[in-house]
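Only one structure is covered here, and it is reproduced in the block below.
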Amino acid sequence: MKGLTLSNSDTIRNVHNAFARQTLFEFDEKMQPKNDEVYHFVGYIPIENRLYELDGLRQGPIDLGSIPSGKDWLKTVQPVIQQRIQKYSDGEIHFNLMAIVSDRKMITERRIKELQLDIEENGMATSEQSDELARLKLILEEEESKRTRWKVENIRRKHNYIPLIINMLKILATEGQLMPLYKNAVEKSKARLAKEQAKEKHKI
1 MKGLTLSNSD TIRNVHNAFA RQTLFEFDEK MQPKNDEVYH FVGYIPIENR LYELDGLRQG
61 PIDLGSIPSG KDWLKTVQPV IQQRIQKYSD GEIHFNLMAI VSDRKMITER RIKELQLDIE
121 ENGMATSEQS DELARLKLIL EEEESKRTRW KVENIRRKHN YIPLIINMLK ILATEGQLMP
181 LYKNAVEKSK ARLAKEQAKE KHKI
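For the sequence shown, the positions run 1 to 204 when UniProt numbering is used.
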């Protein structure tokens, strides 16, 4: 149910596809090694002071009980996660722990707006409010800078560099530099491999 809901969301699907790498080559699927790994996702979420488990293999959420008043729900879910990991620790099962957190930029913008409204109502800002406002603006600048870097990184990751690489190889070949560079790289690779093998023999 959880997976079906996520896959049916146009927004989530579009964002996911926006980060997908371009397929630059066509591969023969018959030659591809089979991947026997199966991924099983389990999520935990607090709703109205109760902890729920969302298991991708179950039809609905599982109520794990109430969250003690005044206690961080992460403290409640921690032993549940540890118990699940320990249950399968003896097998060949690997775990990835991921967290869905609130948007820090959105939280900071909301806090700045609330603080500015308080200052307007009081007519002037206290020293504490001024310091807090300055700190929040620095956080906001950092988050905006982070998003700019993410955007550039995503563009670079998705860009097709194959034509550039092919043209560079053609130029090197025309100038007679390609084969010497290739032979030099092969010799370096052989030397590195021999060095690693010598280290392994020395360890034995």
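Backbone N, C-alpha and C define an ideal beta-carbon position, used for all residues, glycine too.
- As the crow flies, the alpha-carbon of Met168 is around 10 Å from that of Leu178.
- Under the Cβ criterion (8 Å, minimum of three pairs), the segment 145-159 does not count as touching the segment 108-128.
- Under the three-state reduction of DSSP, Ile112 is assigned to helix.
- When the Cα atoms are used, Met106 and Tyr44 turn out to be separated by approximately 23 Å.
- Here Ile67 is buried, its C-beta having at least 16 other C-beta atoms within 10 Å.
- Taking the CA atoms as reference points, Leu115 sits about 25 Å from Gly70.
- By the Cβ-count criterion, Thr126 is exposed, with fewer than 16 other Cβ atoms from all chains shown falling within 10 Å of its own Cβ.
- Ranking Phe41, Gln129, Asn14 by CA distance to the CA of His94 puts Phe41 first.
- Residue pairing by DSSP places Tyr88 in no beta bridge whatsoever.
- Take the alpha-carbon of Lys199 and the one of Ser189: they are about 15 Å apart.
- Straight-line spacing of the CA atoms in Leu136 and Gly65 works out to 36 Å.
- No Cβ-Cβ contact shorter than 8 Å links Ile62 with Glu48.
- Here Thr148 is exposed, its C-beta having fewer than 16 other C-beta atoms within 10 Å.
- Rounded to whole angstroms, the Cβ separation of Leu133 and Thr108 is 11 Å, and the two are not in contact under 8 Å.
- Remark: C-beta atoms of Leu172 and Leu181 approach each other more closely than 8 Å.
- In this structure, the alpha-carbon of Val77 lies about 29 Å from that of Glu143.
- Excluding the 5 residues flanking it on each side, Ile112 has same chain C-beta neighbours closer than 6 Å at Leu136, in chain order.
- Taking the C-beta atoms as reference points, Trp73 is found no nearer than 8 Å to Leu97.
- In the DSSP annotation of this structure, the continuous segment of the alpha helix (DSSP H) that includes Val152 starts and ends at 127-158.
- Judged by DSSP secondary structure, Ile62 falls outside any alpha helix (DSSP H) and instead within the beta strand (DSSP E) spanning 62-66.
- DSSP, reduced to helix, strand and coil, places Tyr52 within a strand of the structure shown.
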